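Novice: The following block contains the structure, expressed as C-alpha cells.
Protein chains: 2
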Amino acid sequence: MTDSTLIHTNLRQNHRKLTRPRQAVLDVVMRAQRHLTPAEIYQKAKKRHPRLGLTTVYRTLDLLVEMGFIQRLHLDEGCHSYVATQQAHGHHLVCADCGRAEEFADCDLEPLMKSLRAKTGYDIDVHMLELVGHCPSCRHKQKR
Amino acid sequence: MTDSTLIHTNLRQNHRKLTRPRQAVLDVVMRAQRHLTPAEIYQKAKKRHPRLGLTTVYRTLDLLVEMGFIQRLHLDEGCHSYVATQQAHGHHLVCADCGRAEEFADCDLEPLMKSLRAKTGYDIDVHMLELVGHCPSCRHKQKR
DNA sequence: CGGTAACTGAAAACCTTTTTCAATACCAGT
DNA sequence: ACTGGTATTGAAAAAGGTTTTCAGTTACCG
C-alpha cells in the first residue's frame with residue numbers, strides 16, 4: 001500500500017494517471033518473487049483486469065522502469081524480463097531454474113572502476129551486473 | 145592469421161568447415177574495435193562476400209560464441225551486439241558514443257559472491273558484468 | 001460534475017531472429 | 001587432383017516480439 005501511494009504521488013507530479021491497467025501491471029510485478037517477461041505479466045495482469053491489452057503492458061513497463069520501480073533484466077535465455085526494485089541502485093542474483101530474484105546493492109566495483117579509469121582513460125558511468133545461480137530450494141529438488 | 149588457423153583446427157575437430165561466409169563474418173568481428181549488431185556485421189561482411197545471407201550471419205555468430213571467439217553483449221539500447229574476445233573470461237567496458245569496447249578480465253567478484261552465497265544460500269555460477277562510459281576520444285570531441 | 005489531457009486497446013506495421021529445404025561448397029580419403 | 005558424403009548455405013517463409021496508429025475512454029483537477 002505504501003508503494004501504491006508513493007507511485008500515485010510520483011505519477012501526479014508528472015501529470016500522469018494511476019489507471020486500472022497500470023495498477024494491474026504494477027501489482028503483478030511487485031508481488032512476484034521472480035522475474036517475468038512482458039508476456040507473462042500480460043497473462044497474469046489480465047486476470048485482474050481482463051480488457052488489458054499487451055500494448056499497455058509494454059507502455060507501463062517502460063514507465064515503471066523510468067520511474068525506478070522496476071528493473072529490466074538481460075538474461076541469455078529469453079532476454080528481457082522485469083523485476084521489482086526495492087533499492088535505488090539494485091543488482092540481482094537470479095535462480096536459473098525458478099527465476100527467483102534476490103536483490104543486492106553492495107556491489108563495490110569502485111576499485112575495479114578506478115583501475116579501469118586509470119588504464120583506459122574512460123569515464124565510467126553505468127555498470128550492469130547480474131549473477132545467475134541456483135537457489136537453495138531448487139538445489140534440494142534436484143538432489144532427488 | 146594465428147586466429148584463423150586456431151579456428152580452422154578447432155572447427156575440424158568438431159567436423160565443421162571453415163567456409164568463405166564464415167571467414168567473412170569472423171573477419172569483420174575480429175577487425176572491429178567496437179561492438180556490432182548482426183545487421184551491421186551482415187552489411188560489412190557482404191562487401192567481402194556479396195552473396196552472403198543474413199541467416200548465415202546469425203548461424204555463424206552462434207557458432208563463434210559457442211567456440212568462445214566472440215561474445216554477446218547485452219546493452220540497453222539495441223541489445224544484442226557482438227565483440228571479439230581475447231581472453232577466456234572477458235568483460236567489456238563500452239563507449240556509449242562510439243561503441244568502442246575494451247576488454248578486461250580482472251573482475252574480482254569473489255568477495256561479493258562469497259558474501260552473497262552466505263546470505264542467500266544460492267550456488268552462483270555465472271555473472272555478467274558490463275561497464276558503459278565514454279572513451280577519451282569521444283570526450284574530447286564533445287568538449288568542442 | 002464537466003473539460004481536458006493522458007491513457008487505452010485492437011489492428012496493423014515493423015524489426016529481428018528462426019525454420020525450411022533444395023542447391024552448394026568443403027574436406028577426407030583415395 | 002578427383003570424388004563422395006556431409007556440413008553448410010541462402011532465399012523465402014514463418015515466427016516472435018515490440019512499436020505505432022488512432023478513435024474511443026478514463027482519471028484527475030478545478
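As they're listed, the protein sequences go chains A and B.
Quick note on numbering: my numbering labels position 37 of the first sequence as 37, and the sequence is numbered without any gaps.
Quick note on numbering: my numbering labels position 111 of the second sequence as 255, and the sequence is numbered without any gaps.
Beta carbons are placed, not taken as given, at the ideal position from N, Cα and C, and that holds for glycine.
Keep in mind that this is a model prediction, so the values were computed, not measured.
1) Would you list the one or two residues that DSSP bridges to B/Asp-252?
2) I want to verify the contact list: residues of chain A whose CB lies under 7 Å from the CB of B/Pro-182, in sequence order.
3) Go through its chain and collect everything with a Cβ distance to B/His-224's Cβ below 6 Å, but skip five positions before and after it.
4) Return the chain-ordered list of same chain residues with a C-beta closer than 7 Å to the C-beta of A/His-89, the five sequence neighbours on each side being excluded.
5) What did DSSP end up calling A/His-8 once you bin it into helix, strand or coil?
6) DSSP state of A/Asp-76, grouped into three classes?
7) Use the C-beta contact count for A/Leu-36: other C-beta atoms within 10 angstroms, 16 or more gives buried, fewer gives exposed.
8) Between the Cα of A/Arg-34 and those of A/Tyr-82, A/Leu-129, A/Asp-3 and A/Met-113, spot the shortest distance and give me the residue it belongs to.
9) Using a Cβ-Cβ distance under 9 Å, would B/Asp-206 count as near chain A?
10) Compare the beta carbon distance of A/Ile-124 and B/Leu-205 with 9 Å and say whether it is the shorter of the two.
11) Cutting at 7 Å between CB atoms, please list the residues of its own chain near B/Ile-161, excluding the five before and the five after it.
12) May I ask you to verify whether the stretch 196-211 of chain B touches the stretch 162-170 of chain B, counting CB pairs closer than 8 Å and requiring at least 3?
13) Could you work out which residues of chain A lie near B/His-218, taking near to mean beta carbons separated by less than 7 Å?
14) Measure from the C-beta of B/Ile-214 to each C-beta in chain A and report whether the shortest distance is under 9 Å.
15) Rounded to a whole number of angstroms, what is the C-alpha to C-alpha distance between A/Leu-112 and B/Pro-182?
16) Just tell me which of A/Cys-138, A/Ala-84 and A/Leu-54 has its CA closest to the CA of A/Met-67.
17) Excluding the five sequence neighbours on either side, which residues of its own chain have a C-beta within less than 8 Å of the C-beta of B/Ala-245, listed in chain order?
Specialist: Taking the coordinates as given:
1) Note: B/Asp-252 sits in no beta bridge, so no partner.
2) Residues of chain A passing the Cβ test: none, with the nearest at roughly 14 Å.
3) Arg-216
4) Ala-105
5) helix
6) coil
7) buried
8) If we check each option's Cα against that of A/Arg-34, A/Tyr-82 comes out closest.
9) no
10) No, Cβ-Cβ distance for A/Ile-124 and B/Leu-205 is not below 9 Å.
11) Just to set this straight, residue 161 of chain B is Lys in the shown sequence, not Ile. Excluding sequence neighbours, B/Lys-161 sits near Leu-155.
12) yes
13) Listed by position along chain A, the residues whose Cβ is nearer than 7 Å to that of B/His-218 are His-74 and Cys-79.
14) no
15) 30 Å
16) A/Ala-84
17) These residues qualify, in order along the chain: Gln-177, Arg-178, His-179, Leu-217, Val-227, His-236, Leu-237, Val-238 and Cys-239.
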